[in-house]
Amino acid sequence: MVSSPNAKRPAKSGNARTSKQLPLAPSQRARPSRPPFQSAPVQAAPPRTRSINPKGLTVCAIAAFCFSTYGTYLTVKQSKNLSVPDDVSDRFHKTAPTYDANVELTERIMRISKKREELGNGNGSKSLPTSAEQQQSCTFDTVIQTMGLCSLPDPVSYLKHLGTLVEPERGEILLLEHGRSHYRWLNKLLDDLAAAHADRHGCWWNRDIGEIVRQSGLEIVESKRWHMGTTWRFILRRKEGAGRGEKDLGLAEVSEREENGDGAAKSAMGWLGWGAEKS
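Here the sequence shown is numbered in the numbering used here, starting from 750 and rising by one per residue.
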């Protein structure tokens, strides 16, 4: 059967109509929020190192040497022209207010306080008051003398007097002094500047402590030296007869080797050994 052209066609379903609709345009997405731009911190450039000019350093070293040499020459020349008496005790009144401060650094470097402790003499120790009659009639087991022979006009007589103050049999004199060295070049320097040093500080720093001890007639029980021979330590006693227990000082043999061993004695053959004095 042929249908007529005017016949109604069957209605299409809703799903069919939807499938032919155009797709919706995509919506724009919101842009993400960004933190504000921050520039990186600028690092400071490291300081530029400046190299030392070798020529300038050499010139400065030569100039310092020339000035120090000329200053030493003027000081030695002035010292030799001074006329200073053996008794310089009047200088003590001038140096007393600042003396401790002037020698504090030197004594600390040379460890003089340690040497005093070994002798049993503490700084600032107070002496007990005694009457003149008691001092004349008593003797002592130990007498300590430190850094005083350089300032006395007659150190030999002073040591002899100390010998009369100790017990004849067991009394000892502990002596710590400074004076001449083992080496001629250092002794020459001490001699050239001795007058100027004595005029300023009241101290003759070039005295031969070993010879002073010999002339005193005391018996040397023990002797020791430090600081190139300029620091002397003795244990002395009364001499109970000629030749009894007497020990020679031996300036060339009594040296730093007693403190540091034989190695220090061999240093006399090294660069510090030239000009060593022989007894």
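The beta carbon of each residue, even a glycine, is placed where N, CA and C say it ideally should be.
Look at R865 here: in three-state DSSP terms it is helix. Rounded to whole angstroms, the Cβ separation of D890 and G928 is 26 Å, and the two are not in contact under 8 Å.
One alpha carbon belongs to S776, the other to S782, and they sit about 18 Å apart. For L924, no alpha helix (DSSP H) segment is defined; the enclosing uninterrupted segment is the beta strand (DSSP E) at E921 to H927. The beta-carbon separation of L923 and S965, rounded to 14 Å, does not stay under the 8 Å limit for a contact. Residue environment analysis places E853 among the exposed positions, since fewer than 16 neighbouring C-beta atoms fall within 10 angstroms of its C-beta. Membership of F841 in the alpha helix (DSSP H) is indicated by the continuous run F841 to T844. Annotated three-state conformation of S972 is strand, per DSSP. With respect to the C-alpha of I984, the residue from G978, E971, W975 and M977 having the closest C-alpha is E971. Between the alpha carbons of D839 and A944 lies a gap of roughly 15 Å. Counting along the chain, the unbroken beta strand (DSSP E) around I984 starts and ends at T980 to R986. Within the same chain, Cβ atoms closer than 8 Å to the Cβ of R949 are found at R840 and T844, the five residues on either side in sequence being excluded. Only buried fits N936, as 16 or more other CB atoms lie within 10 angstroms of its CB.
Where T824 is concerned, the enclosing alpha helix (DSSP H) starts and stops at P803 to K829. Annotated three-state conformation of T798 is coil, per DSSP. W934 sits exposed, since fewer than 16 C-beta atoms from the chains shown fall within 10 Å of its C-beta. Separation of the CB atoms of R982 and L925 is rounded to 5 Å, and the pair is thereby assigned contact status at 8 Å. The C-alpha of P904 is placed about 12 Å away from the C-alpha of Q894. Cβ neighbours of L831 within its own chain (closer than 8 Å, five residues either side excluded): A944, A945 and D948. Assignment of Q777 by DSSP, reduced to helix, strand and coil, places it in the coil class. The beta carbons of V837 and S900 sit about 7 Å from each other, so the pair counts as a contact at 8 Å. At the C-beta level, L942 and S817 stay beyond 8 Å of one another.
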